[in-house]
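Participant:
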DNA sequence: TCCATAAATCGAAATATCTCGATATACAAA
DNA sequence: TTTGTATATCGAGATATTTCGATTTATGGA
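Residue numbers (the numbering used here), protein chains in the order written: chain H, 6 to 94; chain L, 6 to 94.
#1: For the beta strand (DSSP E) that residue 162 (chain L) lies in, which residues bound it at each end?
#2: Go ahead and label residue 75 (chain L) buried or exposed: buried means 16 or more other beta carbons lie within 10 angstroms of its beta carbon, across all protein chains shown.
#3: Compute the distance between the beta-carbons of residue 61 (chain L) and residue 11 (chain L), then report whether it is under 7 Å.
#4: On a CA-only basis, which of L:51, L:46, L:33 is nearest residue 5 (chain L)? Give me that one, please.
#5: Which residue wins for smallest C-alpha separation from residue 8 (chain L), given the options L:37, L:52, L:26?
#6: Quick one: list the residues of chain H neighbouring residue 94 (chain L), beta-carbon separation under 8 Å, in chain order.
#7: Against residue 62 (chain L), what residues of chain H qualify as contacts under a CB-to-CB distance less than 7 Å, listed in chain order?
#8: Opposite residue 72 (chain H) in the DSSP bridges: which residues?
#9: Would residue 25 (chain H) and residue 37 (chain H) be called neighbours here (beta carbons separated by less than 7 Å)?
#10: Give the C-beta separation of residue 84 (chain H) and residue 94 (chain L) to the nearest angstrom, bearing in mind that I take them to be a contact with Cβ-Cβ under 8 Å.
#11: At 9 Å on the CB atoms, spell out the chain H contacts of residue 91 (chain L), in chain order.
#12: My guess is that residue 58 (chain H) and residue 49 (chain H) are in contact by the Cβ rule of under 8 Å, so how many angstroms apart are they, rounded?
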């Protein structure tokens, strides 16, 4: 599920339109992700925390919302490392 | 550990010499794998069964020994599938 | 046929992972 | 300051994974 969330975050249009006054932000709020994932709020909040801790997303707090977006640099580094690992296999 | 075993199996010389009379076989017996992995006999037997079920190795019984060797075709197909999956990420 | 050895199977303990509901915290608006 | 909404944290249940020791099965040799 966490991988699917990362994929969804590649395209903002996977989620409802930006909240009024936040059209410029690329991130997506937890509630939108939760709605799409159909898992509980606490689970998604937890997952986004794990993804952040792993370096796959960046969080930006604006008011009561936390907007999450991909951290492309770390994701690409991770992919390179996995590919390297797979080469051995 | 199962991935490490697969890597070991790429090179027969990761294990002791073939048993007398089985020099022509490319596979490796369970006991050799167990010795290298430093896990219990039952664990390794179980793991080799899982690897076989997953299609990553082929088993060949000769006498009391079961010789396991990589199934390159399936491994490469798997790697291609994983790479494909990673591209989405 | 009986025994020894290799491998497979079984049942279980320890640990990790996924997911939840309840509660706490942060913040904005009234 | 009170209230409502968004998110985070906590504790726990269900399930999955890793690994083990004990036992069973298969097989070759004495």
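Backbone N, C-alpha and C define an ideal beta-carbon position, used for all residues, glycine too.
Facilitator: A quick look at the data gives this:
#1: Nothing can be reported for residue 162 (chain L), as the shown portion of chain L is limited to 6 through 94.
#2: buried
#3: Cβ atoms of residue 61 (chain L) and residue 11 (chain L): closer than 7 Å.
#4: The structure shown does not extend to residue 5 (chain L), since chain L spans only 6 to 94, so no value can be given for it.
#5: L:52
#6: 8, 11, 12, 80, 84
#7: Going along chain H, no residue has its Cβ under 7 Å from residue 62 (chain L), so there is no contact; the nearest lies around 12 Å.
#8: H:34, H:65
#9: By the CB criterion at 7 Å, residue 25 (chain H) and residue 37 (chain H) fall outside the cutoff.
#10: 7 Å
#11: Going along chain H in sequence order, the residues near residue 91 (chain L) (Cβ under 9 Å) are 84, 87, 88, 91.
#12: With a Cβ gap of about 15 Å, residue 58 (chain H) and residue 49 (chain H) do not count as contacting.
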